[in-house]
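Visitor: Using this note's numbering, the final residue of the sequence shown is 344, and nothing's skipped along the way. We put the beta carbon where it would ideally sit given N, CA and C, even for glycine. Remember, predicted model here, so these are calculated numbers, not experimental data.
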Amino acid sequence: MSDAHPSAGSPLLGKPLADGVLQGVREALTQWSGMEPPFRPHLVSVLASDDDASRVYVDSKARRARRLGVDFSVRDLGATTSQEQLEAALRELSQDEAVHGVVLELPLAAGLDADAALLCVAPRKDVEGLTPANLALIAAGRETEALLPPTPRSVRFLLRRALGDDLRGRRVAVIGPGRTVGRPLTFMLNNRGVTVTLCNEHTRDLTGALAPQDAVVVAVGHTGLLHAGHLQAHHVVIDAGINVQADGTVVGDAQAGLPVRAQTPVPGGVGPLTSALMYQNLVRAVKLQRGEAVE
């Protein structure tokens with residue numbers, strides 16, 4: 050089937066899907082802004098590291114917030130903050146009725162415990178869907194009750210665009226069992242009837258493991274980890290990696306222009322849709338907090 054595809058995969062772009070998601074977000078925000086008194090959601094990102102990729106994500110959130118009309122602020126605790134200070138800040142934001150969404154930017158600085166910190170984020174303000182309460186609902190197959198992590202949800206959206214809406218029976222390899230993408234994505238794909246192969250740095254014969262897959266998702270944070278020698282022409286590649294280069298450019302975990310069926314570029318693939326879905330989560334979170342009907 051290699052002759053059915055061009056030498057480089059068709060670009061699988063996130064923006065067209067993001068535009069549709071954002072239309073719904075704008076409609077909700079417009080409705081709230083017309084209330085008396087007018088209402089604007091407030092989203093807060095909490096930084097506790099000097100990670101370059103995290104700052105890229107925060108800048109992207111801030112730009113989108115300004116365009117949408119969402120109040121956005123950053124609580125930058127710095128890379129030297131203590132666990133106690135981090136947890137106190139998260140509890141304060143969770144209890145503040147003027148704050149409607151809280152994002153703890155991962156990874157944290159060395160010595161900080163993300164698991165303990167996320168316990169301090171109110172599940173209904175957890176617009177990244179990473180608190181144990183939300184992840185437990187996903188693992189239990191109760192997604193309709195949870196705030197879903199935007200990056201895994203973005204990946205699933207893109208897989209449906211490339212492979213068809215009905216993912217049942219499809220085979221997807223996920224490279225990278227991280228808490229922000231790989232682990233929740235594995236449950237979310239399984240909830241849709243996908244057969245998932247979860248790979249990591251210890252996987253033997255990665256090329257052989259990927260051969261029977263319909264799609265490969267990579268989310269490790271390692272530039273150029275996935276290359277042409279690992280893949281076949283029928284594969285769809287979803288690149289959820291983000292790596293900031295010395296010159297400030299951002300690249301993914303997969304080499305660009307792979308000879309596959311379709312591939313998400315970095316930037317322009319997973320990122321735009323992830324940002325849109327995070328704001329959709331904010332709308333859902335606000336509705337939960339205000340007691341409004343949630344679909």
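1. Mapping DSSP to helix, strand and coil, what is N183?
2. If you reduce the DSSP assignment to three classes, tell me which class T313 lands in.
3. What is the DSSP secondary structure of R220, reduced to helix, strand or coil?
4. Whose C-beta lies closer than 7 angstroms to the C-beta of P55 among residues of the same chain, with five residues either side of it excluded?
5. Is S109 closer than 8 angstroms to E154 when the C-beta atoms are compared?
6. Would you tell me roughly how many angstroms separate the C-alpha atoms of A303 and G227, rounded to the nearest one?
7. A77 lies in the alpha helix (DSSP H); which residues open and close that run?
8. When you compare only the Cα positions, how much space is there between L71 and H91?
9. What does DSSP give as the partner residue(s) for P60 in the beta ladder?
10. Exposed or buried, what is E250 when buried is set at 16 or more other beta-carbons lying within 10 Å of its beta-carbon?
11. Taking the DSSP output, what are the residues bridged to V299?
12. Taking the alpha-carbon positions, what's the A268 to P86 distance?
13. Going by DSSP, which residues form a beta bridge with R124?
14. By DSSP's criteria, A264 is part of a beta bridge. Which residues make up the other side?
15. By alpha-carbon positions, which one of R89, P60, A97, V107 ends up nearest to T323?
16. Three-state secondary structure (DSSP) at V319?
17. What does a CB cutoff of less than 8 angstroms around L207 pick up in its chain, not counting 5 residues either side in sequence?
18. Starting from the Cα of P201, find the closest Cα among R220, T130, M327, R116 and give me that residue.
19. Given a cut-off of 8 angstroms, decide if L197 and G218 are closer than it, judged by their beta-carbon atoms.
20. Can you tell me which of L161, R116, G273 puts its alpha carbon nearest to the alpha carbon of L135?
21. Less than 7 angstroms between C-beta atoms, sequence neighbours within five positions excluded: which residues of the same chain meet that for V293?
22. Out of S122, Q132, A77, R112, which one is the CA nearest neighbour of F98?
23. Determine, using beta carbons only, whether A345 and V266 come nearer to each other than 8 angstroms.
24. Could you give the distance in angstroms between the alpha-carbon of V152 and the alpha-carbon of V93?
25. Is the beta carbon of V309 sitting closer than 8 angstroms to the one on H284?
26. Which residue comes first and which comes last in the alpha helix (DSSP H) that contains V107?
27. Got a sec? Which residues, its chain only, sit under 7 angstroms from R354 by beta carbon, not counting five neighbours each side?
28. Of the residues L78, L216, V95, S143, which one's Cα is nearest the Cα of A114?
29. With distances taken Cα to Cα, identify the nearest neighbour of K123 among V95, Q144, L142.
30. Who does D175 pair with in a DSSP beta bridge?
31. If you drop the 5 nearest sequence neighbours on each side, which residues of the same chain put their C-beta closer than 6 angstroms to that of Q329?
32. Leaving aside the five residues before and after E341 along the sequence, list all residues of the same chain whose C-beta is less than 7 angstroms from its C-beta, in chain order.
Guide: From the atom records:
1. helix
2. Coil, per DSSP.
3. In the three-state scheme derived from DSSP, where H, G and I count as helix and E and B as strand, R220 is classed as strand.
4. Note that P55 has pLDDT 42, beneath the 50 cutoff, so the model's placement of it is unreliable and the number below is only indicative. If we look at P55 and ignore the five residues flanking it on each side, it has no Cβ neighbours.
5. No. Outside cutoff.
6. 17 angstroms
7. 64-82
8. 17 angstroms
9. Q312
10. Exposed, since its Cβ has fewer than 16 Cβ neighbours within 10 Å.
11. Looking at the DSSP assignment, V299 forms a beta bridge with V293.
12. For A268 and P86, the distance between alpha carbons rounds to 43 angstroms.
13. V95
14. V221, V285
15. V107
16. helix
17. L61, G63, L66, I287, T313, G318, V319, L322
18. Measuring from the Cα of P201, the nearest candidate turns out to be M327.
19. no
20. L161
21. D101, A102, V105, V299
22. Note that residue 98 is Ser in the sequence shown, not Phe. Taking S98 as reference, the option from S122, Q132, A77, R112 with the minimal CA-CA separation is Q132.
23. In the structure displayed, the chain extends from 50 to 344; residue 345 sits before or after that span and is not available.
24. Their backbone Cα atoms lie some 6 angstroms apart in a straight line.
25. yes
26. 101-117
27. There is no way to answer for residue 354, as the model of the chain reaches only from 50 to 344.
28. L78
29. Here residue 123 turns out to be Val, not Lys, going by the sequence shown. Cα-wise, what sits closest to V123 is V95.
30. V151
31. V70, V74
32. none
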